[in-house]
Structures are given as C-alpha cells and as structure tokens.
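Here is the structure we will look at.
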Amino acid sequence: LSQLGTHSLATQIINSLIATKIPQTQTAYLQWTQYYVGRNLAWTGNRDEGEKVLRVLAAADARQVSIPAQRAAALMLSKIELDRRNVAQSAIWMRRAVIGTLVDEAAASEEIVDVLTNYAIYLSSTRRLIEANILFGKLEPI
Numbered sequence: 243l244s245q246l247g248t249h250s251l252a253t254q255i256i257n258s259l260i261a262t263k264i265p266q267t268q269t270a271y272l273q274w275t276q277y278y279v280g281r282n283l284a285w286t287g288n289r290d291e292g293e294k295v296l297r298v299l300a301a302a303d304a305r306q307v308s309i310p311a312q313r314a315a316a317l318m319l320s321k322i323e324l325d326r327r328n329v330a331q332s333a334i335w336m337r338r339a340v341i342g343t344l345v346d347e348a349a350a351s352e353e354i355v356d357v358l359t360n361y362a363i364y365l366s367s368t369r370r371l372i373e374a375n376i377l378f379g380k381l382e383p384i
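Each residue of the sequence shown is one higher than the last, beginning at 243 in our numbering.
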C-alpha cells in the first residue's frame, strides 16, 4: 500500500497489526513491524520519527545489517539521507545493505536482486550513470 501511495490505509493496517500484539511475541514480526512503522512514518511526512525507528532496528551492530529487516531499514535510511542531500551518509547505509545482503548465505535471491536494483537506482541518483547502467545491464536478464 505504501508503494502505491496509500499511506493512510497502510497506517491503519500497521496499527491493526500492532493491536494484535503478535509482533511482541515473535522477534521476526517485531523487526518487520519496526521497519514498516519507520518507513510509513518517513513517507507520511514524519521523516525524523521514522528515522528514529529505523535506526533502532538497523543499529544493533554499527557496521553489519545481518537480517533482512535491518537491510531494508538500511535501504530506507539511505533514501532518507539522499533526500537530505547527505550523499556521504546515504552511501554508508547503502553499502551496509549491499554488503550485508551479499555476505548472508541465507539471503533469498529476490532480496539480492531487490538490493542490487536499489543500489543501481542509488548510483543513478548520485549521477554515477556509467556504473548504474552497467549494474542495470547485469540485472536485466534476471
């Protein structure tokens, strides 16, 4: 729903999920709920609050984002920093997501493609068009 821009409906669903208290009983659900809450806050104009939630999720280790929810949070934090035109900090978060995905032997192929696609978009956004084009070219057959 957030990808479609219907953030208010996404907020309702997230709030309904939180009300079930399921995320409190299972770590994986809690981590993904944190990600969705943070991302939705950022997309609904509460970027600073969303960033706080995402940083809590992604900052378990200052250098590694070892689980998929942390990597998703790192990607979102990279986008937030890029929107602020803080390219250096955005690059740090992007690197964490890419490296974390590529060193995780259990990472799903869909996650790898998603992260690399986000990286190619990042390269394009930071005017590294040749590198972006090369990566998009390698991802095209997939």
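Each residue gets a CB set at the ideal place from its N, CA and C atoms; glycine is no exception.
Closest by C-alpha distance to residue i, when choosing among the options
i: Glu353; options: Arg313, Leu296, Leu243, Leu251; result: Arg313
i: Ser367; options: Arg281, Ser320, Ile384; result: Ser320
i: Gln306; options: Ala261, Leu259, Ile341; result: Ile341
Sub-9 Å separation of residue i and residue j beta-carbons
i: Ala330; j: Ala316; result: no
i: Ile309; j: Gln273; result: yes
Residue i - DSSP class collapsed to helix/strand/coil
i: Gly292; result: helix
i: Asp346; result: coil
i: Ala301; result: coil
i: Thr248; result: coil
i: Gly287; result: coil
i: Pro383; result: coil
Own chain, CB closer than 7 Å to residue i, minus 5 neighbours either side, in chain order
i: Asp356; result: none
i: Thr343; result: Arg313, Ala349, Glu353, Ile354, Val357
i: Ser244; result: Ala252, Arg281, Asn282, Trp285
i: Asn360; result: Leu317
Own chain partners of residue i with C-beta closer than 8 Å, once the 5 adjacent residues on each side are dropped
i: Ala311; result: Ala270, Gln273, Trp274, Gln276, Tyr277, Leu299
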